[in-house]
Each structure stands twice: as C-alpha cells, then as structure tokens.
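I have placed the structure first, in the form of structure tokens, so that the comments after it can refer back to it.
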Amino acid sequence: MKKLSPILKSLLFPFSLLYGMVVSVRNILFDFNILPITEFKIPIISVGNITVGGTGKTPHIEYLITLLNDDYKIATLSRGYKRKSKGYLLADETSTSNQIGDEPMQIKRKFPDILVSVDNKRVNGVKNLLKSEHGNDLDAVLLDDAFQHRSIKAGLSILLIDYNRPITRDYIMPYGRLRESASEKDRANIIIVSKSPRNMTPIDRRIIVKELDLLPFQSLYFTTLDYGNLEPVFKNDAINIINEDWAKENFSILLVTGIANPKPLKEYLENFSDVVEEVQFSDHYSFQIKDLNLIQSKFEKLEGENKIIVTTEKDATRFFDMEINQESIKEHLFYIPLRIKFLNEDKSKFDVQIMNYVSKNKRSSNLHNIKTDSI
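All letters in the sequence shown, in the order written, are residues 22 to 396 by this note's numbering.
See the structure below:
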C-alpha cells in the first residue's frame, strides 16, 4: 500500500472518525447482546486481523490444519473473497478458485481430505456444515478472516498482527489501516505477531509486549515467514528443476504476483538471483488472457539463458484454473509455498493451547445441536 501525502491524510481524518464511530457502535451492540450472537456446541477457532492487507491468515490456518488433522475431523469456513458464486458452497475435487476463492482453493488442493466451505454468512455456513453428511463426524471448525464477524461466537479467537505494522501505532481507515480500534484486540484469546524477524531480540519482544498491554487471559506468540521449495504450477509440463541446485544456477526470475505485499518474496528471491524482474497486480487479481500475453512478453525479454517465472501459492491457484496456451509459461511457471514458523519456545506452547482447547470442548455425538438459532 502506497503512503498517502500529509495533505490527503488530513482530509481523510474526519472520515476515519466517522467510520470509527460506526464500528464502535456496532461492537457495543454486540457487547450488550442487542445484536445476536450464535454459539455452537463444537470447537470453533477464529483466525483474523484488524488491519487492512495481508497478515498471513492462510499460512496460519494451514498450520492449524496440520496440527489438528491427524486427530480430528476439521472444516474451514471463509467468505471466499472475490469468488464468482454466492451462498454456501462445500468444495470438492471439481471446485475452482472462481467458485470458492483463491485461498480456500489453495487449502483444498493442499489438504484434499478436509472440509473446505465458503459462505458470506458465517452462522449459515456452520449450520450447513453441521447438517451435511459429514456433520456428525465434525470435531472443529476453523473460521478464516472472522475477527470482525461477531454474529458467530468463536470458542477461541486468534488475532494476527503484522510485526511491521503495529496496531498500537496505527489509525482507523481511511486515515490509517485499521478496520477497527486497536483496543478491540482485547476480544482475542490469542495474539500472534506475524512476519517477525528471525533474529528478533529479547528487547524487541519486551517492547511489543509492553505496547500491547495484554489482559491476563490472553496469550502472545511470535511467528516468522518460512519459504518452501519451488513447486511447478503445471507438473506435467514444467521443466525439470532440482531444488537443491536451482539457486546455484543463478536463474533470472520474473516474479508475478497478485497479493497485498509481494516485497518480502522479492527480497527472498534476490538472495538467489542477480536478476529479479517483477509484474505486480492487485490483491486477489483475476488474471486475464491479456495478462498472460504481458507475462510471456516480459519473460521473453528477461536476460539470461536460465530463467523461470515465480509466483505465490495463492496466485498459482488462479493460474491453475486457467486455460493457458503459452507453452513457455506452462513450462517455466513455479510457485513458492509460504509457511509460518514460531519463534523460540512459542511453538510447543501454542500447540498445547490449541490441542487442549479442542480436546476439552470436542462434542459428543449427542451434542451437535445449535445452542442459539438467531442470526
């Protein structure tokens, strides 16, 4: 996101005050049960943020899936941002990113055995999951990007905060980048400071702890980004690249992204290549034929004998659904998976907290009824 000029920010400040008042009134109505909140007798974990832009929600959801999937039957529920369908949908092997959204599609491709669902109305989504043929076996639901969706009560709420964009030093949009006041962090059971530096010092950690001023019941953890090995988008067509050797070959790279902040990935790739050119689209961008022509043109002009096109895993789901006729793109298009890694001793503590919550609240077969039906 580009920085706004001081004059423009000053003009936007009154709109931030107005927007903040509206959001505050809405939260008060939920706090006093004037707006109804639905609770389900099944473990529900919400992962979200209060900042506009990426904080790493999908990699954290994937971490939770990996943690829980061996022992529990789990489902994910999101709104399916920018999908071209409406209402409730349960993903299957024929689903596309246009139908369910790129992030749910990414999860479904990576974890085909779990239930991946989308619905703009989260309460309706959980109801449909429980009424489905898999409902009686379902042990937990992971809500993606649901911190502001207070019509459903999560048993465990996880709030992500970008290390590089502290909410304690930000303002409500459009003057700043907060969806609601930073004080609303007090609703979270767990706060994770994402995108933290790997070499974070104890002093830096203590400063963040002091600024956040957590409540006694809240837990704080720190995670960093961890990039995986190159993966071909089109396995049957891709050139053969050995992950251990590709960096030594000093490939020229065309980085193609449609995410909120591609800067960390570009900086990562610059560690392995002297030439990293970039084609950047807006977040969740729906690639068109003209974009493929642009990418092919840029790739052909890229210097060097060894060269590849690199994209993100989220973008790869949208490329995968396209009919691409340019063989040079299909042969040279790779993505780099993004994972999260907990710092210090945070991993074991976080894992125990999550597993304890699910195991203690795991419903019995006769406890699947909805406690509250109001929406």
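Here a beta-carbon is modelled for each residue, glycine too, at the ideal position from N, C-alpha and C. Computed from a predicted model, the values in this text were never measured in an experiment.
When Cβ pairs closer than 8 Å are counted between the two stretches, the region 297-310 is seen not to touch the region 347-357, the count staying below three. Rounded to whole angstroms, the separation of the alpha carbons of P133 and L163 is 15 Å.
In the three-state reduction of the DSSP assignment, L163 falls in the strand class. In its chain, beyond the 5 residues on either side, P64, Y93, I95 and V379 have a beta carbon closer than 6 Å to the beta carbon of A161.
In the DSSP secondary-structure assignment, A96 is bridged to L136 and V162. Looking only at H353, I128 and N149, the smallest Cα-Cα distance to V277 is reached by H353.
The beta carbon of V73 lies closer than 7 Å to those of M194, R198 and R200 in the same chain, with the five residues before and after it left out.
Here the alpha carbon of L275 sits roughly 14 Å from the alpha carbon of K284. In this structure, Q169 and E334 do not form a Cβ contact; the two beta carbons are roughly 25 Å apart against a cut-off of 8 Å. CA-to-CA, the gap between A259 and K351 works out to about 6 Å.
Secondary structure note for E154: it is in no beta strand (DSSP E), with a DSSP letter that is neither H nor E. Nearest to K319 by alpha-carbon distance, out of K383, D295 and S273, is S273. Residue range S240 to Y248 is occupied by the beta strand (DSSP E) that includes F243, with no alpha helix (DSSP H) assigned at that position.
DSSP places L39 in the uninterrupted alpha helix (DSSP H) bounded by P27 to D52. The DSSP-derived three-state label of Y109 is coil. Within the region 69-93, the complete alpha helix (DSSP H) segments of 4 residues or longer fall at 78-89, listed in chain order. Residue environment analysis places L50 among the exposed positions, since fewer than 16 neighbouring C-beta atoms fall within 10 angstroms of its C-beta. In the structure shown, the three-state DSSP call for P237 is coil.
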